[in-house]
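These notes concern the structure reproduced below.
Chains as they are written, first to last, in the numbering used here: chain R, 17 to 218; chain E, 571 to 808.
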């Protein structure tokens, strides 16, 4: 927030604090996504989306479960944590109207198009990025559900075209989430410094 | 100097964060693997009740046009050898807690009403193939042997030693077939000749090939199936 590098800036820094529910959401989301991604890559290796049998596989460092059945056990356990966490958070941001106050707005989009203030633009980018990840997380659930129960929810598979397209979309959410985590951290750092990041975690 | 210093500080924090996440990955890669069995056993009952709830035992899964068949996509998976069974000598035993146990030849089975379906076969490994299966509905075979009222599960024994067990509702689904043709051609030995299970509502490992014995029971036995005994989920519904 402070642009002048004053010597006593420590004392003048405003206290950054976050709602406890936002912190809980962040922690559960980080943990569940780590479990979902690592177990998901374990499942991926059983038959790589790109290349099928004989296709390139992820090294064991990034895998969870040890073998296909173990990866599936973790994936279909962590999905509850991931899904329920996203669900209550969704309800929370709608009920508290946080959705309108804390997420990207038309003002941010205007700032991005016409704004001159680089700080305002960074802030707008920050809000834009963490807003658009939400539909990506929902897409991961939708595509995953289509793959988990393709007979009972055949219309989900049809929505994506065919089985391979569904697998590609579900997989693509992994690099998107990883890139998001990096961009989100860097933008938070740019907008609010390490204090902002720490305020969301601790 | 200040801005540079604060930049360095930020970078250190970023490194801390990345250290935290890679620690998570390492934990995942080593320590947590040991818990997969516990995690599976803990969540399987919950997932299974959701799967059973989602299953509509009477409603057929929408099928595909003949043009959608992918003749090359169905990969061959076996756990051991590929039995070569003589279709003339072959007998399918249907028994268990039933009033009228039967032994059927392929000729007997081919006299029964033929059902054809073009469905998506989904493997636990992640691949899928659109296949046409032709055969008899398992529910017709079950009706022939007159099961007792307490029957709840169906066991399948295969010529290669493979075994499977299904819940009765899934076994009686109209698209659960004992198939003897694939894509309108007689089954090959690799695909389970002379007769195999085929269904759009279960993962591929539930769909036993070279089935020689179908046994209707009221309770699951100690062994619930070849892969299930090794840790795979039992219901495996789609």
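Yeah, the Cβ is synthetic: ideal placement off N, Cα and C, and Gly gets one too.
Check whether chain R comes within 8 Å of residue i, counting only Cβ atoms and requiring the distance to be less than that.
i	result
residue 578(E)	Legend: pLDDT at residue 578(E) = 48, less than 50; position of this residue unreliable, no value from coordinates given.
residue 739(E)	no
residue 796(E)	no
residue 747(E)	no
residue 624(E)	yes
residue 603(E)	yes
residue 770(E)	yes
residue 648(E)	no
residue 782(E)	no
residue 790(E)	no
residue 774(E)	no
residue 753(E)	no
To the nearest angstrom, how far is it from the Cα of residue i to the Cα of residue j?
i	j	result
residue 758(E)	residue 676(E)	15 Å
residue 38(R)	residue 51(R)	20 Å
residue 206(R)	residue 143(R)	12 Å
residue 166(R)	residue 209(R)	45 Å
residue 69(R)	residue 646(E)	12 Å
residue 641(E)	residue 118(R)	52 Å
residue 777(E)	residue 768(E)	5 Å
residue 33(R)	residue 740(E)	53 Å
residue 611(E)	residue 624(E)	20 Å
residue 689(E)	residue 772(E)	12 Å
residue 684(E)	residue 722(E)	25 Å
residue 729(E)	residue 192(R)	47 Å
residue 148(R)	residue 196(R)	10 Å
residue 653(E)	residue 764(E)	10 Å
residue 66(R)	residue 697(E)	11 Å
residue 22(R)	residue 213(R)	With a pLDDT of only 43 at residue 22(R), under the threshold of 50, the placement of this residue in the model should not be trusted, and no figure is reported.
residue 159(R)	residue 123(R)	32 Å
residue 42(R)	residue 200(R)	12 Å
residue 780(E)	residue 161(R)	32 Å
residue 618(E)	residue 135(R)	51 Å
residue 727(E)	residue 644(E)	22 Å
residue 794(E)	residue 620(E)	20 Å
residue 716(E)	residue 766(E)	21 Å
residue 178(R)	residue 635(E)	14 Å
residue 186(R)	residue 156(R)	6 Å
residue 96(R)	residue 56(R)	14 Å
residue 626(E)	residue 679(E)	27 Å
residue 71(R)	residue 669(E)	51 Å
Does any CB atom of chain E fall closer than 8 Å to the CB of residue i?
i	result
residue 165(R)	yes
residue 176(R)	no
residue 84(R)	yes
residue 59(R)	yes
residue 81(R)	yes
residue 168(R)	yes
residue 62(R)	yes
residue 74(R)	no
residue 18(R)	For residue 18(R), the predicted structure reports a pLDDT of 43, less than 50, and the residue's modelled location is therefore unreliable. The matter cannot be settled from this model.
residue 89(R)	yes
residue 68(R)	yes
residue 11(R)	Residue 11(R) falls outside the range modelled here, since chain R spans only 17 to 218, and no answer is possible.
residue 179(R)	yes
Considering residue i, what are the terminal residues of the beta strand (DSSP E) in which it resides?
i	result
residue 775(E)	That residue, residue 775(E), is in no beta strand (DSSP E); it is neither H nor E in DSSP.
residue 147(R)	No beta strand (DSSP E) contains residue 147(R), which is instead part of the alpha helix (DSSP H) from 134-164.
residue 687(E)	685-692
residue 62(R)	Here residue 62(R) belongs to no beta strand (DSSP E); instead the alpha helix (DSSP H) covers 36-62.
residue 705(E)	698-707
residue 752(E)	747-752
residue 665(E)	661-666
residue 767(E)	766-768
residue 726(E)	723-728
Between which two residues does the alpha helix (DSSP H) carrying residue i extend?
i	result
residue 180(R)	179-217
residue 606(E)	606-624
residue 78(R)	Premise fails: residue 78(R) is in no alpha helix (DSSP H) and is neither H nor E.
residue 681(E)	676-681
residue 783(E)	Element bounds for residue 783(E): not the alpha helix (DSSP H) but the beta strand (DSSP E), 781-787.
residue 173(R)	170-176
residue 124(R)	122-130
residue 740(E)	738-741
residue 100(R)	84-111
* To do: Count the C-beta pairs between the region 664-671 of chain E and the region 777-787 of chain E that are closer than 8 Å, then say yes if the count reaches three, no if not.
  => yes
* Is it a yes or a no for the region 76-95 of chain R touching the region 603-610 of chain E, going by three-plus beta-carbon pairs under 8 Å? -> yes
* To do: Count the CB pairs spanning the region 613-620 of chain E and the region 709-726 of chain E that are closer than 8 Å, and state whether there are at least three.
  => no
* Asked: Using 8 Å as the threshold, is the region 55-75 of chain R in touch with the region 100-118 of chain R, meaning 3 or more CB pairs across them?
  -> The region 55-75 of chain R is not in contact with the region 100-118 of chain R.
* Taking a cut of 9 Å between CB atoms, which residues from the region 684-705 of chain E lie near chain R? -> 689, 690, 692, 693, 694, 695, 696, 697, 698, 699 and 700
* Residues of the region 96-121 of chain R with a CB closer than 8 Å to any CB of chain E: list them in chain order, please. => 96
* Taking a Cβ distance cut-off of 7 Å, strictly less, list which residues of the region 184-208 of chain R are near chain E, in chain order. => 201 and 205
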